[in-house]
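Report on the structure given below.
Protein chains: 2
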Amino acid sequence: MALARAGEVVSNKQVLARDYIDGIPKESDMYLSTASTKLQVPEGSEAVLVKNLYLSCDPYMRGAKKPEPGRITFFAPNSPVVGYGVSKVLASGHPDFREGDLVWGITTWEEYSLITRTESLFKIHHTDVPLSYYTGILGMPGMTAYAGFYGICSPKKGDFVYISSAFGAVGQLVGQFAKLLGCYVVGSAGSKEKVEILKNKLGFDEAFNYKEEEDYDAALKRYFPQGIDIYFDNVGGKMLDAALLNMRLHGRIAVCGMISQYDLEEHQGVRNLMHLIYQRIRMEGFFVYDHYHLYPEFLETVLPYIRQGKIDYVEHITHGIETGPAALVGLFSGLNFGKSVVVLAQE
Amino acid sequence: MALARAGEVVSNKQVLARDYIDGIPKESDMYLSTASTKLQVPEGSEAVLVKNLYLSCDPYMRGAKKPEPGRITFFAPNSPVVGYGVSKVLASGHPDFREGDLVWGITTWEEYSLITRTESLFKIHHTDVPLSYYTGILGMPGMTAYAGFYGICSPKKGDFVYISSAFGAVGQLVGQFAKLLGCYVVGSAGSKEKVEILKNKLGFDEAFNYKEEEDYDAALKRYFPQGIDIYFDNVGGKMLDAALLNMRLHGRIAVCGMISQYDLEEHQGVRNLMHLIYQRIRMEGFFVYDHYHLYPEFLETVLPYIRQGKIDYVEHITHGIETGPAALVGLFSGLNFGKSVVVLAQE
Chain A
1 MALARAGEVV
11 SNKQVLARDY
21 IDGIPKESDM
31 YLSTASTKLQ
41 VPEGSEAVLV
51 KNLYLSCDPY
61 MRGAKKPEPG
71 RITFFAPNSP
81 VVGYGVSKVL
91 ASGHPDFREG
101 DLVWGITTWE
111 EYSLITRTES
121 LFKIHHTDVP
131 LSYYTGILGM
141 PGMTAYAGFY
151 GICSPKKGDF
161 VYISSAFGAV
171 GQLVGQFAKL
181 LGCYVVGSAG
191 SKEKVEILKN
201 KLGFDEAFNY
211 KEEEDYDAAL
221 KRYFPQGIDI
231 YFDNVGGKML
241 DAALLNMRLH
251 GRIAVCGMIS
261 QYDLEEHQGV
271 RNLMHLIYQR
281 IRMEGFFVYD
291 HYHLYPEFLE
301 TVLPYIRQGK
311 IDYVEHITHG
321 IETGPAALVG
331 LFSGLNFGKS
341 VVVLAQE
Chain B
1 MALARAGEVV
11 SNKQVLARDY
21 IDGIPKESDM
31 YLSTASTKLQ
41 VPEGSEAVLV
51 KNLYLSCDPY
61 MRGAKKPEPG
71 RITFFAPNSP
81 VVGYGVSKVL
91 ASGHPDFREG
101 DLVWGITTWE
111 EYSLITRTES
121 LFKIHHTDVP
131 LSYYTGILGM
141 PGMTAYAGFY
151 GICSPKKGDF
161 VYISSAFGAV
171 GQLVGQFAKL
181 LGCYVVGSAG
191 SKEKVEILKN
201 KLGFDEAFNY
211 KEEEDYDAAL
221 KRYFPQGIDI
231 YFDNVGGKML
241 DAALLNMRLH
251 GRIAVCGMIS
261 QYDLEEHQGV
271 RNLMHLIYQR
281 IRMEGFFVYD
291 HYHLYPEFLE
301 TVLPYIRQGK
311 IDYVEHITHG
321 IETGPAALVG
331 LFSGLNFGKS
341 VVVLAQE
């Protein structure tokens, strides 16, 4: 197939939302369609027209009953799903971008997107690593792990570190950062296979399958007889409650996500917050958006680790935009195996 | 009555616990007795023998089913209740203390105490302020307010500050510190009278009676239409849950106490912790014991405020050791009016 060129009119496969979505998306909330798109930027616009190469499935891609000011609307009636991706610029009305540039940032779930919010785009300068990494280890989840671990957790060598949802796009990196610093690291995940890879491939000291544990408190006491210095929380709810019981003096809890709570009508109550006082614990929520000024520093740190093989990264890759809805839904049900990426094209 | 002197044998009224207490004390958990005590320190001991002048009722004076390592046992079978107080040294085996010294720190609920844990005692050098203040504004609650507000809340001029249990020994000070810094300050308390004094005497911008509010979230939205920068939490539970819904971006929550939870079989679940992420909130528990190195700095700050009348302090004073049990119990039921102090003697 000949490569599409600026100015051409092409067929453009899309994943559209049927309506606003209240909470976690189901496959039936999305549908496939094909549009006809002219590969050019409207006269006078500072947008860029891109070809999407990789689309990213991320746990913040949940819907709201209606658009909320200041938050990204991922799902809107008959509009392409919004999400992070890696793309190639085919045409640009913006002085900072030109044809041929590779970028990562917020795009739309279709083969070709007109991106008006160019402020969310980062140019890709290093292509000796897999481009898909810019949806994960070198993109938003990577920055999340970096900012959350180094910026929020105040980690130091020898700390006892617990990571829930440790096999996710963020968790697997936090664990590896912690190991590189000399921490003792335990992760939890939702299958035997994930646990094995955490221990044998990603270098975690221990890992456990939370689905096999009836009593999270007992599980944590087994893996942390001395207690936990840092809890990197991706799940919230009962796991957070159990971790609170096991924190050490002056422990830190980075609240990155609460995936166990997202599809509940009412969130589970967390009852052990008195332990914040008993152990003088700092618990802090954060958003990666506040930390993007650290991106150059982050790249300088992480690129050498990747090139030297000191950090590994497991991706759940599916091929073709048609696989997008199932990949996204699988993220929330725990079916995906590592960072979820949908491949649309290689270049 | 002649003053008791070192070496004499005196009659010594005491408040004893009947047993270990599981949770909040009831009056029937304590009883009065009279011992005969020789006012001297055992040969070779580094203890001090004091006459107690003021005893302090504080919300951390709760019991445990059995002694726990590292925690003070306030109530033990047929032993005097343990608590903070202001005392005068009658005899000393410790080189740092001598007869006539005034001290504050951990003592026992009796007229005369032999204090072996002298490391908990602070010498009182400034006596131009009421001595009872060393159980409150100039003692442990004052240090708690100071360390919690300046150390944990990262306050700045113009911040919107909410304090629950604002009329308590700690809350009334936090509010006044915040006003002196130029914050907008709202407190909640449990009666119309307390609310009036918060507004009219202690300088709070607004105050409300939480017992008259069915919906704490609605109450907070009424007083903080722009949201809350700092929540100084003394109560936990539902109030904390409502505050979480009203925090501003990068808000801070100092977790000082959770008095609403202390007598519950199971603590109430807090459901709105996702707001830690939405608003990037830091929530931190603390203990005053970690901050006593700041005591000299604290005194330098607060003494001038008291002398210049810039800080006021409301005490709930009762007279005679017999009033101790009721005063302590009244603290938990919200019946007391300000910082609870039991006066035993003037000198």
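Keeping their order, the protein sequence lines are chains A and B.
When the letters of the first sequence are read in order and numbered with UniProt numbering, they come out as residues 1 to 347.
When the letters of the second sequence are read in order and numbered with UniProt numbering, they come out as residues 1 to 347.
Don't be surprised by glycine CBs; every beta carbon is placed ideally from N, CA and C.
Keep in mind that this is a model prediction, so the values were computed, not measured.
Beta-carbon to beta-carbon, V302 (chain B) and I137 (chain B) are separated by about 7 Å, close enough to satisfy the 8 Å threshold. Under the 7 Å criterion on CB atoms, R117 (chain A) is classed as non-interfacial with respect to chain B.
Any Cβ of chain B closer than 7 Å to the Cβ of M140 (chain A) would place that residue at the interface, and such an atom is absent.
Sequence-distant Cβ neighbours of S260 (chain A) in its own chain, meaning closer than 8 Å and more than five residues away, are V235, G236, G237, K238, M239 and Q268. Under the 8 Å Cβ criterion, the region 118-130 of chain A does not count as touching the region 142-154 of chain A, having fewer than three qualifying pairs. Around the Cβ of Q226 (chain B), a 10 Å sphere holds fewer than 16 other Cβ atoms; the residue is exposed. Assigned with DSSP and collapsed to three states, A207 (chain B) falls in strand.
Neighbours of I281 (chain B) across chain A, judged by C-beta separation under 8 Å: E284 and G285. Taking a Cβ-Cβ cut-off of 8 Å, the neighbours of R271 (chain A) in chain B comprise E266, H267, Q268, G269 and V270, given in sequence order.
Rounded to the nearest angstrom, the Cβ distance from P155 (chain A) to I253 (chain A) is 13 Å, too far for a contact under 8 Å.
Beta-bridge partners of M247 (chain A) (DSSP): A:I228. Excluding sequence positions up to five before and after D217 (chain B), its CB lies within less than 6 Å of the CB of A242 and L245, all in the same chain and listed in chain order. The DSSP-derived three-state label of N78 (chain A) is coil. Along the region 242-267 of chain B, the positions whose C-beta sits under 8 Å from a C-beta of chain A are V255, C256, G257, M258, Q261, E266 and H267, read in chain order. According to the DSSP assignment, R307 (chain B) belongs to the alpha helix (DSSP H) that extends over Y295 to R307. The continuous alpha helix (DSSP H) containing Y216 (chain A) extends over residues Y216 to Y223. Non-local beta-carbon contacts of E8 (chain A) in its own chain, meaning distances under 8 Å to residues more than five positions away in sequence, involve K38 and L39 in chain order.
By the neighbour-count definition (other C-beta atoms within 10 Å, threshold 16), S92 (chain B) is a buried residue.
The residue from A:T108, A:L198, A:Q172 and A:E46 with its alpha-carbon nearest to that of A76 (chain A) is A:T108. Where K192 (chain B) is concerned, the enclosing alpha helix (DSSP H) starts and stops at K192 to N200.
Residues of the region 286-299 of chain B with a C-beta atom less than 8 Å from some C-beta of chain A are F286, F287 and D290, listed in chain order. Contact annotation: the region 50-67 of chain A does not touch the region 8-21 of chain B, with fewer than three C-beta pairs closer than 8 Å. In this structure the region 270-284 of chain B does not lie against the region 299-313 of chain B, because fewer than three pairs of beta carbons, one per stretch, are closer than 8 Å.
Judged by pairs of C-beta atoms under 8 Å, the region 99-108 of chain B touches the region 80-88 of chain B, as three or more such pairs exist.
In this structure, DSSP gives H125 (chain A) a state outside helix and strand, which the three-state scheme calls coil. At a C-beta separation below 7 Å, L39 (chain A) has no neighbours in chain B, since its nearest C-beta there lies roughly 38 Å away. Residue contact check for L276 (chain A) against chain B: a CB pair falls below 7 Å. The three-state secondary structure of H291 (chain A), taken from DSSP, is helix. Rounded to the nearest whole angstrom, the CA to CA distance from M61 (chain A) to F74 (chain A) is 6 Å.
For T107 (chain A), the enclosing beta strand (DSSP E) stretches over residues L102 to T108.
Residues are counted here when their Cβ sits less than 8 Å from a Cβ of chain A; for the region 212-237 of chain B these are G236, given in chain order. Residue pairing by DSSP places H316 (chain B) opposite B:S340 in a beta bridge. In the three-state DSSP reduction, K13 (chain B) falls in the strand class (E or B). The DSSP-derived three-state label of K38 (chain A) is strand.
In this structure, the alpha-carbon of N209 (chain A) lies about 16 Å from that of D233 (chain A).
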